[in-house]
Amino acid sequence: MTAAKPKRAKERRRLTAGEVVVMAVLSILVLAVSFPVLYALLNSFRGYADITKDPMGLPTSLDFGNYVTLFQTTEYGEALLNTLIITVGTLLILMALVPMAAYGIERVGGRTGRWIYLLFIAGLMIPFQVRMIPLVTSMNEVGLYSTLTSVMLVHFGGSAAFGVLLYCSFIKGVPREIEEAANMDGAGRLRTFWSIVFPMLLPVTSAFVIIQALGLWNDFFIPLVFLDASSAGTINVALSRMSGLMASQWELIYTGAIVATVPSVILFAAFQRYFIKGMSIGAVKG
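My numbering applies: residue 194 is where the sequence shown begins, and numbers increase by one.
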């Protein structure tokens, strides 16, 4: 018997000119996006004198003193806790109410539900700047101004309209026969939704949670307006207060920016596939 001929190694496919251009453009974009983060990371290990003397210099050693100083001498620790409470609290309220509201509009509301849906859509068209002064006045009158609750309620009001729009488009694709079978087995509307319908909305829920979590964590304007100077504010407000007209704590600003970035990167990296799946399903349904 003759020996089997060795398999030829697969030849690498040569890139076309168009693919080379695309890869070059993507490489430039990656460098442009990652440079500010890398610059802040390197400067978080340098002192104020080194940064002002040579802003583009490299750290001579990995000194974590800035990270210790950030939490010991500033209100950044309290601001970090406030940001966490606002983010988690708002997400819990959104998850408890928005999916059920969308389900009620699509399955229960009928013609009235259509009008309610239009009101939610109208809420997306009104800029926050138009609602800002009435909201501040209302929160002050009920005693909620400069509290974390006021920030969470304002965020909820702004995000609910987008959530209802997103969930309604997905609920339309859920077969009614599944719900009818559950009703025949004695399940009520509430149990049918949480036990059968909501698990089917996991892709859109993952995408919605990631979008809102990143927006809540990185928001600056709403906490700045609804939390006065007596509060530590959120991480972005705390970083803003470190920058003054005469002097800025650049080493602490860079350090705080890196601390604020890490949770966002971890969240997106952990749930990236769910986010992409949810958005791709939404594109097909749209």
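Glycine included, every Cβ here is placed at the ideal spot set by N, Cα and C.
No experiment lies behind these values; they were computed from the predicted model shown.
Around the Cβ of Gln465, a 10 Å sphere holds fewer than 16 other Cβ atoms; the residue is exposed.
For Glu212, the uninterrupted alpha helix (DSSP H) run begins and ends at 210–236, by DSSP. When DSSP states are grouped into helix, strand and coil, Ser388 belongs to the helix group. Rounded to the nearest angstrom, the gap between the Cα atoms of Gln322 and Thr427 is 20 Å. In terms of Cα proximity to Gly351, the closest of Thr385, Gly366, Gly270, Arg324 is Arg324. The Cβ atoms of Ile451 and Val230 lie closer than 9 Å to each other. DSSP places Ser436 within a strand segment (E or B) once states are collapsed to three. Look at Ser441 here: in three-state DSSP terms it is strand.
Around the Cβ of Gly356, a 10 Å sphere holds 16 or more other Cβ atoms; the residue is buried. Taking the Cα positions, Arg434 is about 20 Å away from Gly258. The DSSP assignment places complete alpha helix (DSSP H) segments of no fewer than 4 residues inside the stretch 316–390 at 321–334, 341–364, 369–377, 382–385, in order along the chain. When the five nearest sequence neighbours on each side are left out, no beta carbon in the same chain lies closer than 7 Å to the beta carbon of Gly379. 9 Å or more divides the Cβ of Ala462 from the Cβ of Cys361. The stretch 412–422 and the stretch 333–351 touch, with no fewer than 3 CB-CB distances between them shorter than 8 Å. Excluding the 5 residues flanking it on each side, Trp410 has same chain C-beta neighbours closer than 7 Å at Thr276, Thr280, Pro456, Ser457, in chain order.
Under the three-state reduction of DSSP output, Ala294 falls in the helix class. Between the C-alpha atoms of Leu460 and Phe363 there is a straight-line separation of about 24 Å. When the beta-carbon positions are compared, Phe349 and Leu312 stay at least 9 Å from each other.
Here Ser339 has Phe419, Leu420, Asp421, Ser423, Ser424 as same chain residues with Cβ atoms under 8 Å from its own Cβ, once five neighbours each way along the sequence are excluded. Taking the Cα of Ala354 as reference, the smallest distance to any Cα among Glu334, Tyr310, Arg384 is reached at Tyr310.
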